[in-house]
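Below you'll find the structure, written out as structure tokens, and then a few comments.
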Amino acid sequence: GYSCEDHFQEPDTFLHSWETFLEIMISPFCENMLVDVGMPVMHQNVAYNCRVAFFNQHILLIRPKMAMCDDGNYRESRWFTAWTKALQTEDYILPRLISQHTGQQTVPFGDAVIATRDTCIGYEICEELWNVSSKHIEMSLSGVEIIVNGSGSYMELRKAHITADLIRNASFKAGGAYLFSNLRGCDGQRVYFNGCSSIALNGELIARGKQFALQDVEVTLATIDLEEIRAYRASQRSRCITAARAALYPRVRCDFALSTHNDLLKSTTPPIQYSSQTIEEEIALGPSCWLWDYLRRSGQGGFFLPLSGGVDSSSSATIVYSMCNQIVYAVQQGDAQVLYDIRKILADSDFTPDNAAALCNRLLVTCFMGSVNSSKETRRRASQLANQLGSYHIEISIDLAVNALLGIFNVVTGLTPVFRTQGGCARQNLALQNIQSRIRMVLAYLFAQLMLWARNRPGGLLVLGSANVDESLRGYLTKYDCSSADINPIGGISKSDLKQFLNYAKHKYNLSALESIIEAPPTAELEPLRENGELLQTDEQDMGMTYSELSDYGRLRKQSFCGPYSMFCKLVATWKDDLSPKDVADKVKHFFRCYAINRHKMTVLTPSVHAESYSPDDNRFDHRPFLYRANWSWQFKAIDDEIIKLQPIYTPSSTPQRPNTDELLLSHETCTQYHFHIDDSKHSSSLSSTSLDSTAVAPHIGNLPVQDKKSSGFSKVHVNVLGKIKDRTGIPV
Numbered sequence: 005g006y007s008c009e010d011h012f013q014e015p016d017t018f019l020h021s022w023e024t025f026l027e028i029m030i031s032p033f034c035e036n037m038l039v040d041v042g043m044p045v046m047h048q049n050v051a052y053n054c055r056v057a058f059f060n061q062h063i064l065l066i067r068p069k070m071a072m073c074d075d076g077n078y079r080e081s082r083w084f085t086a087w088t089k090a091l092q093t094e095d096y097i098l099p100r101l102i103s104q105h106t107g108q109q110t111v112p113f114g115d116a117v118i119a120t121r122d123t124c125i126g127y128e129i130c131e132e133l134w135n136v137s138s139k140h141i142e143m144s145l146s147g148v149e150i151i152v153n154g155s156g157s158y159m160e161l162r163k164a165h166i167t168a169d170l171i172r173n174a175s176f177k178a179g180g181a182y183l184f185s186n187l188r189g190c191d192g193q194r195v196y197f198n199g200c201s202s203i204a205l206n207g208e209l210i211a212r213g214k215q216f217a218l219q220d221v222e223v224t225l226a227t228i229d230l231e232e233i234r235a236y237r238a239s240q241r242s243r244c245i246t247a248a249r250a251a252l253y254p255r256v257r258c259d260f261a262l263s264t265h266n267d268l269l270k271s272t273t274p275p276i277q278y279s280s281q282t283i284e285e286e287i288a289l290g291p292s293c294w295l296w297d298y299l300r301r302s303g304q305g306g307f308f309l310p311l312s313g314g315v316d317s318s319s320s321a322t323i324v325y326s327m328c329n330q331i332v333y334a335v336q337q338g339d340a341q342v343l344y345d346i347r348k349i350l351a352d353s354d355f356t357p358d359n360a361a362a363l364c365n366r367l368l369v370t371c372f373m374g375s376v377n378s379s380k381e382t383r384r385r386a387s388q389l390a391n392q393l394g395s396y397h398i399e400i401s402i403d404l405a406v407n408a409l410l411g412i413f414n415v416v417t418g419l420t421p422v423f424r425t426q427g428g429c430a431r432q433n434l435a436l437q438n439i440q441s442r443i444r445m446v447l448a449y450l451f452a453q454l455m456l457w458a459r460n461r462p463g464g465l466l467v468l469g470s471a472n473v474d475e476s477l478r479g480y481l482t483k484y485d486c487s488s489a490d491i492n493p494i495g496g497i498s499k500s501d502l503k504q505f506l507n508y509a510k511h512k513y514n515l516s517a518l519e520s521i522i523e524a525p526p527t528a529e530l531e532p533l534r535e536n537g538e539l540l541q542t543d544e545q546d547m548g549m550t551y552s553e554l555s556d557y558g559r560l561r562k563q564s565f566c567g568p569y570s571m572f573c574k575l576v577a578t579w580k581d582d583l584s585p586k587d588v589a590d591k592v593k594h595f596f597r598c599y600a601i602n603r604h605k606m607t608v609l610t611p612s613v614h615a616e617s618y619s620p621d622d623n624r625f626d627h628r629p630f631l632y633r634a635n636w637s638w639q640f641k642a643i644d645d646e647i648i649k650l651q652p653i654y655t656p657s658s659t660p661q662r663p664n665t666d667e668l669l670l671s672h673e674t675c676t677q678y679h680f681h682i683d684d685s686k687h688s689s690s691l692s693s694t695s696l697d698s699t700a701v702a703p704h705i706g707n708l709p710v711q712d713k714k715s716s717g718f719s720k721v722h723v724n725v726l727g728k729i730k731d732r733t734g735i736p737v
């Protein structure tokens, strides 16, 4: 009930919901079953998120949701209103199309429960289970023995255990049976609803559905003994005393029994022991299921992926391979819907997949887009991985296209930019890197549209992106480069988690080519190689921070709601054995400068499956400005004031392990003068690169200036460039 979003403001959505409800209600499959359906209902001109319960074509109750969810990716209050009249019902006038079939004119609408001949059933709806004032406590004290929850909970890495813990604890504290039914799959958004429909009884989990699967429908079943609920509750004396004075819920009678005398011959479902899937398994299964749902709904014929031979693009390719494995498994298990869908996607009515690599060859086109700056090693790694995955692999050179565009610039200006190693300034260096990145995006879409035509198949391909969540947070990507794609399976996953995933996939899928990819230092290969063919450029040196540190910054910024000052206060304690307070301050300031300058890139971020709780996705999850003043003058001064207070009590460690920001920035410039820049040299945008002054040059690392005792709000090591950066109005920042 969440994915319609602003369509919930259209009367058509309410009409079509009732039409669909009618189709379900009159279906012979629902005969002699007590069923509740989640749908939007308009009552007294107010839209509510509701459960509509019926039995044998007779509507019993419309139960509106009483606690809205507006956290994370949810914006429920934008469309719905919470029902606030506790323990009260009103008459709801049914639409005529429903009345014609049920013979009812009105039904109860509100906070009530359903009483059958042998038990009592109540409803919580999604957020009400998470809410600090959950309804299951009040209902249990009022004699409700079975609590049903229809939910839409989405996947986040390391989150799957939470729902299981919540329903176990609910049934442990209140006693009774708790039925948790959760949506599973991609429903047209960036999130993947993660299943795990479960049944708990008196604090024990007795049934649990799959978290990830290609099946459209999965039924979770259990047999329970109502007398176990009654014995459990009666044994808790404090609960009985509280229940004796509890308010009574309005009860809607249903002439139906969930049990019969013959049930004496049935055995109850025993408790189960479950373990949550590992992070690596969640990455292998979650994004791949999301890709499958996206692919079959989009009507496209597969995927096109620029494969560089690095961790990120290799992770995207391996996730597609995981999807192929799941398709083959589902078909082998007799899933007719999956077989129908894959035949439709491939436009081959006779095709039956029996091998993941062969299927990958038909679904995935990988392309190594090399240049004069590409090393032989990355080309080899990309080719080896593509061969093991089975993808349809091609190699192209982008040099002709890059030279053609630089030729146009030369005709207009009479100038030819050169890299910094060849004597160019920072602006030239960044522009030459960005043009390579953007050419790759243009070529990716060209090949995606025409590769199936070249292979004599109908349709086109979806372009896959491969920028991880840490690079997006830092802004270490070019606007409209290969990070700009149709969808991105890894955009919500950190670099460290991706490396763990590739280690897992190496053994799980027997992909030995991943070994060298994991060990290789991350690099964009946008600057010329050294004379001996070795890399001059690596990501962490370019960024001035490690990927591990980026994850720390991301979690503190989003999960712990830290601004620059609060982040410094937390990290100065966490990193005290490795860095001085000043070094910590330099790192925090460097991150927030980069974040501020590059935040505008999040407005065009490729849609990716939501997987990480510190995602910087500007569309829905992380609502913040995209235009900042990058000097953070007030916040940075607060940090500097704190450093002065800490100086008398700080004792440096004798064996620091963590490099400071300046060491990272300068470690790959031992033989040439380093041009300081705030934006990255891997991927930068015209917005930020044109702000740099070509004269911004710092001395060699051996002659770094010492910070003045009275700090001006930023580290002196960056003063040469920071004093010359101007915002778009020309005012120095």
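Read left to right, the sequence shown gives residues 5 to 737 (my numbering). Beta carbons are placed, not taken as given, at the ideal position from N, Cα and C, and that holds for glycine. Remember, predicted model here, so these are calculated numbers, not experimental data.
Assigned secondary structure, residue i (DSSP; H/G/I helix, E/B strand, else coil)
i, result
"G189", "strand"
"K383", "According to the sequence displayed, residue 383 carries Arg and not Lys. Looking at R383 - three-state DSSP - the assignment turns out to be helix."
"T370", "strand"
"E232", "helix"
"R610", "Here residue 610 turns out to be Thr, not Arg, going by the sequence shown. Coil, per DSSP."
"I443", "helix"
"I653", "coil"
"F308", "strand"
"A600", "helix"
"L252", "coil"
"T322", "helix"
"E149", "coil"
"H397", "strand"
"A226", "coil"
"F595", "helix"
"H20", "helix"
"I141", "helix"
"W87", "coil"
"G418", "coil"
"Q277", "coil"
"F12", "helix"
"Y333", "helix"
"K483", "coil"
Paired residues, beta bridge with residue i - DSSP
i, result
"A51", "M46"
"F33", "According to DSSP, F33 bridges with nothing at all."
"N635", "For N635, which the question treats as bridged, DSSP gives no partner whatsoever."
"G154", "I129, S185"
"A57", "D40, L65"
"L465", "Looking at the DSSP assignment, L465 forms no beta bridge with any residue, so it has no partner."
"R257", "A119"
Cβ shell of residue i (< 7 Å), same chain only, five flanking positions each side left out
i, result
"A90", "D115"
"Q440", "S375, I402, V406, L530"
"Q13", "W83"
"F25", "V41, M43, V56"
C-beta atoms of residue i and residue j nearer than 9 Å
i, j, result
"V422", "L436", "yes"
"S137", "A178", "no"
"A238", "C200", "no"
"F184", "I203", "yes"
"Y396", "R300", "no"
"L295", "V342", "no"
"P254", "V117", "yes"
"E399", "F372", "yes"
"M159", "I151", "no"
"L311", "A390", "yes"
"V45", "F18", "yes"
beta-carbon residue i near the ligand ATP non-hydrogen atom, thresh 8 Å
i, result
"N664", "Among the ligands in the structure shown, none appear at all, so the ligand ATP cannot be discussed."
Cβ shell of residue i (< 6 Å), same chain only, five flanking positions each side left out
i, result
"H704", "The predicted position of H704 is uncertain, since its pLDDT is 36 and thus under 50; a value taken from the coordinates is nonetheless stated next. Nothing listed; no residue qualifies."
"P291", "I323, P493, V613"
"C8", "T17"
Exercise for review: Only counting runs of 4 or more residues, tell me where the alpha helix (DSSP H) segments fall wholly within the stretch 164 to 215, in order along the chain.
Suggested key: 164 to 178
**Study point:** Minimum length 4: unbroken alpha helix (DSSP H) runs contained in the stretch 488 to 555
**Key:** 499 to 512, 518 to 523, 543 to 547
Exercise for review: Entirely within the stretch 91 to 139 and at least 4 residues each: give me those alpha helix (DSSP H) ranges in chain order.
Suggested key: 100 to 106, 131 to 134
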